[in-house]
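Chemist: Heads up: the sequence shown begins at 53 in our numbering, then just goes up one per residue.
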Amino acid sequence: MMSNVKNICVVTGNRADYDLLYPLLTRIINDDDINLHLVATGNHMSSEFGLTYKQIEDDGFIIKHKVEILPSSDTAEGVIKSMGLGLIGFAEVFDKIDADILILLGDRFEIFVAATAATVARIPIAHLSGGETTEGAFDEAFRHSITKMSHLHFTTTELYRNRVIQLGEDPKRVFNVGAFVMDNINEMKLLSKDDLQNSMGCMFGKRNLLITFHPATLEDYPSEDQFNNLLTALSNTKDVQLIFTKSNSDIGGGKINKMIDEYVELNHQTAVSYSFLGRLRYLSTMQYIDGVVGNSSSGLVEAPSFKIGVVNIGNRQKGRAKSSSVIDCDSSISEIEKAIKVIFSEGYKSKILKIRNIYEGKDVSKKILSVIKSYNLDGILMKKFYDSIN
């Protein structure tokens with residue numbers, strides 16, 4: 053069948069999803085048969101998070117629409133109000149463009165709002181990264197809700213493909229393509245150590261850790277208390293250079309970022325922080341560090357490909373598939389310290405050299421675009437619940 057996909061709309065809400073979408077966006081704009089409608093929202097318009105829409109434009113992409121959805125505060129009320137504003141913004145955008153299909157990645161509230169608006173606007177949705185679980189955050193509910201509003205699904209593992217099908221999606225519409233970041237890892241020329249240090253304005257030490265910690269929005273133990281325990285454990289770990297990347301705009305994210313600023317100010321000789329490293333510097337950094345510590349998905353997905361240690365704290369990523377190099381621990385000071393000691397041990401370092409990243413994939417963006425271009429969208433909005441029990 054001939055493709056009826058001519059106008060593709062892609063929404064990006066923060067630095068993380070943009071970096072994952074970059075290879076796909078590049079393929080789309082280099083395809084003469086497709087028009088790209090790129091929409092930036094969320095943290096991209098925030099000075100606190102580095103005004104990262106500028107990086108998108110520097111990369112050569114034209115942002116055709118911007119939707120303001122920044123929370124007035126990192127409280128539940130602030131996030132809910134921003135979701136309402138975002139819904140209005142996406143309603144206006146989708147009324148202006150003639151999108152054949154909308155591509156959304158992930159599980160954040162900005163993406164959930166875009167999916168809700170697209171559903172009412174009768175725009176088919178291709179969802180990336182469905183079927184995953186993060187039991188410690190309300191992103192879990194958003195992700196599965198987006199799955200039910202979507203019409204084509206691209207998952208990062210076969211386990212997640214099966215889970216999307218379990219949610220009632222037709223197996224013929226669910227494609228396991230591998231992790232999207234693998235295109236960046238496989239195709240990018242990463243920076244040398246000297247070039248990276250010059251770009252970041254810091255020097256690596258003999259031992260180095262990359263720290264990323266986001267709010268665990270469904271846990272009873274406050275995220276700032278968990279993060280304070282992490283900072284204490286890091287202070288008790290001597291002779292280590294600490295590289296912090298700041299938290300997202302979830303409830304409590306602002307408090308964590310303030311704690312990072314205060315910690316770095318007091319420990320400026322051994323700690324640095326960045327609102328936004330960008331995909332090149334972030335992945336390049338992974339070449340020269342001993343491990344990733346925190347609760348970000350990057351520790352689970354990207355880090356194992358670089359054969360470095362991973363300490364995954366608390367329940368935010370609970371339920372997500374992990375390579376055997378990942379060390380799970382609770383958020384107590386003693387358990388974090390114990391896990392950090394393990395990733396510096398010679399036995400662990402030897403072990404992880406033999407471990408395969410379960411998220412490995414090749415030509416992921418090429419596979420996604422090939423499916424979208426070849427799929428006949430006629431009647432795609434009408435879908436039946438696929439009952440795997442029968």
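Think of the CB as a built atom: it goes at the ideal place given N, C-alpha and C, for glycine as much as any other residue.
Check whether chain B comes within 8 Å of residue 83, counting only Cβ atoms and requiring the distance to be less than that.
Modeler: You won't find chain B in this structure, because it holds only one protein chain.
Chemist: To the nearest angstrom, how far is it from the Cα of residue 437 to the Cα of residue 267?
Modeler: Using only the alpha carbons, I get a separation of about 34 Å.
Chemist: I want to know whether the segment 289–297 touches the segment 258–266 - three or more CB-CB distances under 8 Å.
Modeler: Contact between the segment 289–297 and the segment 258–266 is present, because at least three Cβ pairs lie under 8 Å.
Chemist: Along the chain, where does the beta strand (DSSP E) that runs through residue 326 open and close?
Modeler: Segment 323–326, the beta strand (DSSP E) holding residue 326.
Chemist: Measuring straight from C-alpha to C-alpha, what distance separates residue 344 and residue 434?
Modeler: Whole-angstrom Cα-Cα distance: 43 Å.
Chemist: Under DSSP, the beta strand (DSSP E) around residue 92 begins and ends at which residues?
Modeler: That run of the beta strand (DSSP E) goes 87–93.
Chemist: Please tell me whether residue 388 and residue 285 are closer than 8 Å, where the distance is taken between their beta carbons.
Modeler: Cβ distance < 8 Å, so residue 388 and residue 285 count as in contact.
Chemist: In three-state DSSP terms, what is residue 293?
Modeler: It is a strand residue.
Chemist: Out of 302, 329, 279, which has the shortest C-alpha to C-alpha gap to residue 315?
Modeler: Here the closest residue by C-alpha is 279.
Chemist: Assuming residue 104 and residue 74 are in contact, meaning their beta carbons sit under 8 Å apart, how far apart are those beta carbons, in whole angstroms?
Modeler: Contact doesn't hold; Cβ gap of about 12 Å is too wide.
Chemist: Looking at the structure shown, is residue 54 part of a helix, part of a strand, or coil, going by DSSP?
Modeler: For residue 54, the predicted structure reports a pLDDT of 48, less than 50, and the residue's modelled location is therefore unreliable. A value from the coordinates is still provided. In this structure, residue 54 counts as coil in the three-state DSSP scheme.
Chemist: Counting beta carbon pairs with one atom in the segment 382–400 and one in the segment 356–364, are three or more of them shorter than 8 Å?
Modeler: Touching, per the Cβ criterion.
Chemist: Who are residue 227's beta bridge partners in DSSP?
Modeler: Its beta-bridge partners are 206.
Chemist: Could you check how far apart the C-beta atoms of residue 230 and residue 340 are, in whole angstroms? I think they sit under 8 Å.
Modeler: At roughly 25 Å, the Cβ-Cβ gap does not stay under 8 Å, so residue 230 and residue 340 are not in contact.
Chemist: Are the segment 369–377 and the segment 170–186 in contact at 8 Å, needing three or more beta carbon pairs?
Modeler: They touch, by the three-pair rule.
Chemist: To the nearest angstrom, how far is the alpha carbon of residue 439 from that of residue 218?
Modeler: If you take the alpha carbons of residue 439 and residue 218, they lie about 8 Å apart.
Chemist: Where does residue 235 fall in DSSP's three states?
Modeler: Three-state DSSP puts residue 235 in a helix.
Chemist: Comparing alpha-carbon positions, which option in 353, 422, 342, 424 lies nearest residue 396?
Modeler: Among 353, 422, 342, 424, the Cα nearest to that of residue 396 belongs to 342.
Chemist: For residue 83 and residue 429, I'd like the C-alpha separation in whole angstroms.
Modeler: Whole-angstrom Cα-Cα distance: 19 Å.
Chemist: For residue 117, which beta-bridge partners are listed by DSSP?
Modeler: Looking at the DSSP assignment, residue 117 forms a beta bridge with 91.
Chemist: In whole angstroms, what separates the C-alpha of residue 414 from that of residue 67?
Modeler: Spanning the two alpha carbons is a distance of roughly 22 Å.
Chemist: Let me make sure I understand the geometry here. Which of 190, 235, 142 has the alpha-carbon closest to that of residue 418?
Modeler: Nearest option by C-alpha distance: 235.
Chemist: Mind checking which residues open and close the beta strand (DSSP E) that includes residue 262?
Modeler: From DSSP, the beta strand (DSSP E) with residue 262 extends over 260–264.
Chemist: Just how far apart, CA to CA, sit residue 78 and residue 250?
Modeler: Taking the straight line joining both Cα atoms gives about 27 Å.
Chemist: List the endpoints of the continuous beta strand (DSSP E) containing residue 385.
Modeler: Element bounds for residue 385: not the beta strand (DSSP E) but the alpha helix (DSSP H), 385–395.
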